[in-house]
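Taking it in order: structure first as structure tokens, then the write-up.
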Amino acid sequence: MAKEVTLDTIVSLAKRRGFVFQSSEIYGGLNGCWDYGSLGVELLRNLKDAWWKAMTYRDDVEGVDAAILMHPRVWEASGHVANFTDPMIDNKTSKARYRADNLIEDFIAKLEKNGKTDKAAAIAAKLAAAREPEDFYNIIIEEEITDPVGGSKDWTPVRYFNLMFKTFVGPVEDTNSVVYLRPETAQGIFVNFKNVMESARQKVPFGIAQIGKAFRNEINTKYFLFRTREFEQMEMQYFVQPGTHTEQFEYWRQQRFQWFLDLGMNPDSIRFKPHDKLAHYADAAVDIEYKFPFGWGEIEGIHSRTDFDLKRHEEFSSKKLEFVDTVTRDRFVPYVIETSIGASRSFMAFLCHAYNVETVGDAEGEDAERTVLKFHPKLAPVKAAVLPLVKKDGMPEFAEKLYRDLQKNFNVQYDESAAIGRRYRRQDEIGTPFCITVDGESLKDNTVTIRERDTMQQHRISVDSVKEYVMKSLL
Ligand code: ATP
Numbered sequence: 009m010a011k012e013v014t015l016d017t018i019v020s021l022a023k024r025r026g027f028v029f030q031s032s033e034i035y036g037g038l039n040g041c042w043d044y045g046s047l048g049v050e051l052l053r054n055l056k057d058a059w060w061k062a063m064t065y066r067d068d069v070e071g072v073d074a075a076i077l078m079h080p081r082v083w084e085a086s087g088h089v090a091n092f093t094d095p096m097i098d099n100k101t102s103k104a105r106y107r108a109d110n111l112i113e114d115f116i117a118k119l120e121k122n123g124k125t126d127k128a129a130a131i132a133a134k135l136a137a138a139r140e141p142e143d144f145y146n147i148i149i150e151e152e153i154t155d156p157v158g159g160s161k162d163w164t165p166v167r168y169f170n171l172m173f174k175t176f177v178g179p180v181e182d183t184n185s186v187v188y189l190r191p192e193t194a195q196g197i198f199v200n201f202k203n204v205m206e207s208a209r210q211k212v213p214f215g216i217a218q219i220g221k222a223f224r225n226e227i228n229t230k231y232f233l234f235r236t237r238e239f240e241q242m243e244m245q246y247f248v249q250p251g252t253h254t255e256q257f258e259y260w261r262q263q264r265f266q267w268f269l270d271l272g273m274n275p276d277s278i279r280f281k282p283h284d285k286l287a288h289y290a291d292a293a294v295d296i297e298y299k300f301p302f303g304w305g306e307i308e309g310i311h312s313r314t315d316f317d318l319k320r321h322e323e324f325s326s327k328k329l330e331f332v333d334t335v336t337r338d339r340f341v342p343y344v345i346e347t348s349i350g351a352s353r354s355f356m357a358f359l360c361h362a363y364n365v366e367t368v369g370d371a372e373g374e375d376a377e378r379t380v381l382k383f384h385p386k387l388a389p390v391k392a393a394v395l396p397l398v399k400k401d402g403m404p405e406f407a408e409k410l411y412r413d414l415q416k417n418f419n420v421q422y423d424e425s426a427a428i429g430r431r432y433r434r435q436d437e438i439g440t441p442f443c444i445t446v447d448g449e450s451l452k453d454n455t456v457t458i459r460e461r462d463t464m465q466q467h468r469i470s471v472d473s474v475k476e477y478v479m480k481s482l483l
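Start counting the sequence shown at 9; every next residue gets the next number (this note's numbering).
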């Protein structure tokens, strides 16, 4: 039977088995930054590969990889210099700093938990309407929201804080040399709209996709990989003719939901969440949320952004960013449907989702309980483990040959230490879908047993068909 998973369990498994480590751990760590270990890097690459294939291996989407540093005017045009801010508040007693909107959201959640739903709804409505720093401050004071750390109500005024990391190009640190670490990958796509359309000979509707690092100087980082200061995004901007955008929005909304299901997400673990308030340029927006151990949280946003971005770049660069239809002679600035997913945040969602502790009896001569990561084979960091039953009678040599052969195609592990049941459990805990055991019979008839991770069922197959067997699961 599966057990409830806590975030602490996931964090500790991630460290113990080499998925994720705290950044600069030997120096005490750097808040909001994480390093991927040997299994984590495989899982992350597999996730990005699955997205890349789904999104770009089609006729109408091209890939790019834009620089992280961009011309500073880009961020003026995009609105990030003026508006990419969060409301920040400090508690004078504890000196703790918070995002004012998050502080209010947590308060609302507490009211809901205590059954005070009407009051919660009233505050939520005020929060949705909040624009100015005073709006957030007034809610905190009126509702007598206390500091989660020490319980104090002694708050500073709310200020807006820009989340972009600033740095300088060249040796002189003056205002003319300021650049920003990109807070999203999308702008690298917008500024390349014309380049890609012309060089790839695309016509509207078409999309441009990119995977890359993004940086946000978040006021509070929290929940492991959920909110970090350095993270990876996988974004696609789909350029469409105005008037077709509602239909395209609906298409991408469905596509993106299905992608999670195809990779093994359970329909009860993800949901659509419409936005309470739309950005001024958007005419539709929805999030896909995952049910994390701490509650529902956004993993992807799908936005219908009108022609806002391209028009702003036209204005700021003085370059035309239009599409001209060679048949109808129509010329227009396309509307954009954006799909924006965090690679690191969805990594965490897939890790939480895969985690299971099961009572399985002692059929394999091991503990009655096993921890198993039930990753889709496409995502699993290790696809198969090759295990000689004993370390003698030619089994290790036979197994090692198979291991070397398989290694040319996918990530495989070889393990000959400890009892076979113990080795199965080790592979279960890192989510390896197949364990291939070489025993006495293997040397006689060239067969091996293949054990399926989820059912623990075993069957014999010819050693020559192992590669194809595993490959099939990766299609
Ligand atoms: P949030 O409201 O959680 O801050 P957002 O609405 O600002 O997120 P977007 O700007 O739409 O997020 O970014 C798209 C995706 O990038 C998010 O769905 C999320 O998966 C990821 N993402 C955004 N900020 C972070 C972060 N600080 N750490 C990790 N992933 C992030």
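Glycine included, every Cβ here is placed at the ideal spot set by N, Cα and C.
Could you tell me the distance, in whole angstroms, from the CA atom of E120 to the CA atom of K161? Distance between the alpha carbons of E120 and K161 is about 21 Å.
Whose CB is closer than 6 Å to a heavy atom of the ligand ATP? List the residues in chain order. Near the ligand ATP, meaning a Cβ closer than 6 Å to any of its heavy atoms, lie the following residues in chain order: E192, R224, E226, R235, T236, F239, Q241, E306, I307, E308, G309, S348, I349, G350, S352 and R353.
Who does K221 pair with in a DSSP beta bridge? K221 pairs with E240.
Compute the beta-carbon to beta-carbon distance between R313 and A85, rounded to the nearest angstrom, for a pair I have assumed lies under 8 Å. Not really, about 14 Å apart at Cβ, beyond 8 Å.
Does DSSP put C360 in a helix, in a strand, or in coil? Helix at C360.
Determine the direct distance from the alpha carbon of F302 to that of V394, and round the result to whole angstroms. The alpha-carbon atoms of V394 and F302 are separated by roughly 37 Å.
For a test of the three-state rule: what should DSSP assign to M9, helix, strand or coil? Confidence in M9 is poor, its pLDDT being 40 and thus under 50, which makes the residue's placement unreliable; the coordinate value appears in the next sentence. Correct three-state label for M9: coil.
Only counting runs of 4 or more residues, tell me where the alpha helix (DSSP H) segments fall wholly within the segment 315-400, in order along the chain. Listed in chain order, the complete alpha helix (DSSP H) runs (minimum 4 residues) inside the segment 315-400 are 316-325 and 351-362.
Pick from V471, V212, Q263 and I149 that is closest to G251, judged by C-alpha positions: Measuring from the Cα of G251, the nearest candidate turns out to be V212.
Name the DSSP bridge partner or partners of A292? Under the DSSP definition of a beta bridge, A292 partners with S312.
In angstroms with no decimal places, state the Cα-to-Cα distance between I458 and V471. Looking at the two C-alpha atoms, the distance is approximately 10 Å.
Of the residues K328, T229, F280 and T463, which one's Cα is nearest the Cα of Q262? That would be F280, whose Cα lies nearest to the Cα of Q262.
Boundaries (first-last residue) of the alpha helix (DSSP H) holding Q263: In the DSSP assignment, Q263 falls within the unbroken alpha helix (DSSP H) covering H253 to D270.
How many Å lie between A58 and L269 at the Cα? When rounded, the distance between both Cα atoms is 12 Å.
Distance, Q218 Cα to M205 Cα: For M205 and Q218, the distance between alpha carbons rounds to 15 Å.
Please list the terminal residues of the continuous beta strand (DSSP E) segment that includes F418. In the DSSP assignment, F418 falls outside any beta strand (DSSP E) and carries neither an H nor an E.
Taking only the alpha-carbon atoms, compute the straight-line gap between F355 and D109 and give it to the nearest angstrom. Inter-residue distance for F355 and D109 is about 26 Å (C-alpha atoms, whole angstroms).
How about A104: is its Cβ closer than 7 Å to a heavy atom in the ligand HEM? Absent from the structure shown: the ligand HEM. Ligands present: the ligand ATP.
8 Å CB neighbourhood of Y145 in its chain, flanking five on each side removed: Contacts found: I97, A108, W163, P165 and V166.
Residue range of the unbroken alpha helix (DSSP H) whose run includes V157: Here V157 belongs to no alpha helix (DSSP H), and DSSP marks it neither H nor E.
Please name the residue in F169, A407 and L381 whose C-alpha comes closest to that of R461. Selected option, being the one with the closest Cα: L381.
For the segment 195-205 against the segment 234-250, do three or more pairs of beta-carbon atoms, one drawn from each stretch, fall closer than 8 Å, so that the two count as touching? Touching, yes, given that three or more Cβ pairs across the two stretches are closer than 8 Å.
With a CB to CB cut of under 6 Å and the five nearest residues on each side skipped, what residues in its chain are close to H311? Excluding sequence neighbours, H311 sits near A290, A293 and E346.
Taking the continuous alpha helix (DSSP H) assigned at G448, which residues delimit it? From DSSP, the alpha helix (DSSP H) with G448 extends over G448 to D453.
Opening and closing residue of the alpha helix (DSSP H) in which T175 lies: Note, T175: premise wrong, no alpha helix (DSSP H); beta strand (DSSP E) at K174 to F176.
Under 8 Å by Cβ, that's how I've got D192 and Q241 pegged, so tell me the actual separation to the nearest angstrom. The sequence shown places Glu at residue 192, rather than the Asp named in the question. The pair is a contact, with the Cβ atoms about 6 Å apart (cut-off 8 Å).
What are the boundary residues of the beta strand (DSSP E) that includes Q466? Taken as a continuous stretch (DSSP letters only), the beta strand (DSSP E) holding Q466 covers Q466 to S470.
Can you give me the C-alpha to C-alpha distance between N419 and K124, rounded to a whole angstrom? Going from the Cα of N419 to the Cα of K124 covers about 52 Å.
DSSP-derived helix/strand/coil call for F214: If DSSP states are grouped into helix, strand and coil, F214 belongs with the strands.
For N494, is the classification buried or exposed, using 16 other Cβ atoms within 10 angstroms of its Cβ as the cut-off for buried? Beyond the ends of the chain as shown, which are 9 and 483, falls residue 494; an answer cannot be given.
Could you have a look at G196 and say whether DSSP puts it in helix, strand or coil? Correct three-state label for G196: helix.
Between the Cα of K480 and the Cα atoms of K103, A392, V446 and N39, which residue gives the shortest distance? Closest by alpha carbon: A392.
Candidates R378, D413, G159 and V72, of which the one nearest T101 by Cα: Measuring C-alpha to C-alpha distances from T101 to each of R378, D413, G159 and V72 identifies G159 as the nearest.
Between the Cα of E374 and the Cα atoms of G429, V89, S348 and S352, which residue gives the shortest distance? The residue with the shortest Cα to Cα distance from E374 is G429.
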